[in-house]
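Worksheet: one structure, shown below.
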Amino acid sequence: MNVLIIGGAGYIGSHVTREFLDIGHNCTVYDNLSSGLRENLFADAKFIHGDIHDYPLLLDVLKTSSFSAVVHLAASKAAGESMTNPAKYSRNNISGTINIINAVCEANVKNIVFSSSAAVYGEPQYLPIDENHPTNPENFYGFTKLEIERLLEWYDKLKGMRFASLRYFNAAGYDVKGRIKGLEQNPANLLPIIMETAVGLRKEMQIFGNDYDTNDGTCIRDYIHVSDLACGHAKALDYIDKNNKSIKINLGSENGFSVTEVLESARKITGKPIPAKITERRSGDPAKLTASCSLAQKLLSWKAVHSDIDTLIKTSWEAYQK
Ligand code: UFG
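Everything in the sequence shown is counted per my numbering, starting at 468 for the first residue and increasing by one.
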C-alpha cells in the first residue's frame with residue numbers, strides 16, 4: 468500500500484514507519500520536525516518537510532501520489548500541559564487534524580489511522596477498560612482526541628471515509644532491533660524520565676505520590692511497547708481496508724505495573740542507582756489504568772508480545788546508552 472505517515476519522524480511515528488516499511492508498504496513521511504527528528508527518517512521512505520496547518524501543501528501531496536491511506540500521529544501529547552495551554556492543543560490536535568481529514572477527503576483517500584488515547588476514558592469506572600467504557604476525559608488532551616473520534620464518525624457516515632482510531636495506553640520502549648536513533652526531547656513520561664536519570668541527564672526524578680490505593684501506593688499503568696503499537700497500526704489499517712469498516716480499538720498490554728515496580732526494574736537492569744524522591748500527587752492521575760484488548764485480539768489477531776517490563780526497560784536502556 469502507498470501510505471502517507473504524518474508525524475512519521477516522531478517517537479511513535481518512526482516506529483510505525485519502520486514497521487510499515489518492513490512489511491512492504493511504500494511510505495512517505497510528512498513532518499514539520501517540531502518534535503520529530505531528522506535522525507528518525509529512513510532512507511527507504513520519502514520525506515516531505517511540511518506542517519499539518521498548511522492545507523494547500525497537504526492537499527497537493529495527497530493528490531499527487533495516489534495514497535491508499537494516511538496514518539496521523541502528529542499531535543501534542545502531554546496531558547498536564549494541555550490543562551495549562553489548551554490553545555496549543557486545540558490548534559495542533561483539533562484544527563490540525565481537521566485540516567488533515569478534509570484534505571484526505573478532498574483527495575479521495577479512503578483510509579485514515581488515527582492516534583487516539585486511553586485518555587478519552589477519564590477516571591476508570593471499572594478495570595480493565597474495554598472500548599464500551601464511558602468516555603469522559605479528565606484532561607483537555609483526552610478531550611481533543613475524543614472530539615476527533617466524533618468527527619471521524621461523521622466523515623465515515625457522510626463521506627465513506629474509513630478510520631481506525633487507536634486508543635493507546637502508555638507507549639514505552641524503543642525498537643527491539645535498535646533501529647530508531649532519535650531520543651524524545653524534553654520527555655514528560657515516566658520511562659524516558661527514569662532513563663534520563665539513569666544516564667545522569669537528571670540528578671533525581673520524582674515519584675508523584677505514594678498514597679494511592681494500590682499495593683505499594685504508587686500509580687499503576689499499562690505500558691505498551693512501541694514496537695507492539697506499531698504492529699497494531701499495520702493490522703488496523705489492513706482490517707479497515709479489507710472490511711471497509713471503521714474501528715475504535717484499545718492498544719495496551721493488559722498488564723499493570725506501579726511506578727515503584729518500573730523504577731526498581733530499571734535500577735536492576737541498568738545497574739544505576741536512579742535517585743528518586745516522593746513528591747505530591749500530580750493532578751489528574753487515576754490510581755490504576757489497565758486495558759482490555761480482547762477486541763484487538765478478536766478483530767486484528769493482535770496481542771502485545773514485547774511489552775513485558777524487562778523488554779520495555781532493556782530496549783529503552785539500549786537507546787539511551789547510545
Ligand atoms: N510519573 C512519576 N514521575 C514522573 C513521571 C510520571 O511518578 O516523573 C508517574 C505518573 O504520576 C503516572 C505514571 O508515572 O502515575 C505514568 O505517567 P506518564 O506521564 O508516563 O503517563 P500517563 O499515564 O500520565 O499518560 C500517558 C500518556 C498519555 C496517554 C496515557 C494513556 O502520556 O498521552 O498514558 O494511558 F493518554
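The beta-carbon is built from N, C-alpha and C at its ideal position, and this holds for glycine as well.
None of the values given here were measured: they were computed from a predicted structure.
Among residues of its own chain, excluding the 5 on either side of Ala703, which ones have a beta-carbon nearer than 7 Å to its beta-carbon?
Here residue 703 refers to the residue found at position 236 of the sequence shown. Within the same chain, Ala703 has close Cβ partners Val580, Ala631, Leu633, Ile714, Ile716 and Leu767.
Span of the alpha helix (DSSP H) holding Met672?
In the sequence shown, residue 672 corresponds to position 205, counting from 1. Careful: Met672 lies outside any alpha helix (DSSP H), inside the beta strand (DSSP E) at Met672 to Phe675.
Nearest-angstrom Cα distance between Ala758 and His700?
Indexing the sequence shown from 1 puts residue 758 at position 291. Indexing the sequence shown from 1 puts residue 700 at position 233. Between Ala758 and His700, the C-alpha separation is close to 17 Å.
For Thr685, name the three-state secondary structure that DSSP assigns.
Indexing the sequence shown from 1 puts residue 685 at position 218. Coil.
Alpha-carbon spacing of Lys712 relative to Lys530, whole angstroms:
Here residue 712 refers to the residue found at position 245 of the sequence shown. Here residue 530 refers to the residue found at position 63 of the sequence shown. Distance between the alpha carbons of Lys712 and Lys530: 23 Å.
Is Ile544 near ligand 1, judged by its Cβ being under 8 Å from some heavy atom?
Sequence index remark: in the sequence shown, residue 544 carries index 77 (1-based). Correcting the residue type first, residue 544 is Lys in the shown sequence and not Ile. Indeed, a heavy atom of ligand 1 lies less than 8 Å from the Cβ.
Please name the residue in Cys686, Arg749, Leu471 and Ile691 whose C-alpha comes closest to that of Ala570.
Counting from one through the sequence shown, the residue named residue 570 turns up at place 103. It is Leu471 whose Cα lies nearest to the Cα of Ala570.
Quick one: give me the first and last residue of the alpha helix (DSSP H) that Tyr497 is part of.
For the purposes of this step, residue 497 is identified with residue 30 of the sequence shown, where counting begins at 1. No alpha helix (DSSP H) holds Tyr497; the beta strand (DSSP E) holding it covers Asn493 to Asp498.
Just checking Met672 against ligand 1 - is the residue's beta carbon closer than 8 Å to any of the ligand's heavy atoms?
Along the sequence shown, one-based indexing puts residue 672 at 205. Checking every heavy atom of ligand 1 against the Cβ of Met672, one is found closer than 8 Å.
Is Thr803 a contact residue of ligand 1, with contact defined as CB to any heavy atom under 8 Å?
Here the chain has residues from 468 to 789 only, and residue 803 is not among them.
Can you have a look at Glu671 and say buried or exposed, based on whether 16 or more other CB atoms are within 10 angstroms of its CB?
Taking the first residue of the sequence shown as position 1, residue 671 is located at position 204. Exposed.
Reducing DSSP to helix, strand and coil, say where Val571 ends up.
As a working mapping, residue 571 is identified with position 104 in the sequence shown. Correct three-state label for Val571: helix.
Kindly indicate which residue of Ser549, Val528, Glu747 and Leu540 has the alpha-carbon position closest to the one of Gly684.
The residue you call residue 684 lines up with position 217 of the sequence shown. It is Glu747.
In chain order, what are the residue ranges of uninterrupted beta strand (DSSP E) at least 3 long that sit wholly in the stretch 511 to 589?
513 to 516, 536 to 539 and 578 to 584
How far does the beta strand (DSSP E) with Ala631 in it reach, from first residue to last?
Along the sequence shown, one-based indexing puts residue 631 at 164. Looking at the DSSP string, the run of the beta strand (DSSP E) that includes Ala631 is Arg629 to Tyr635.
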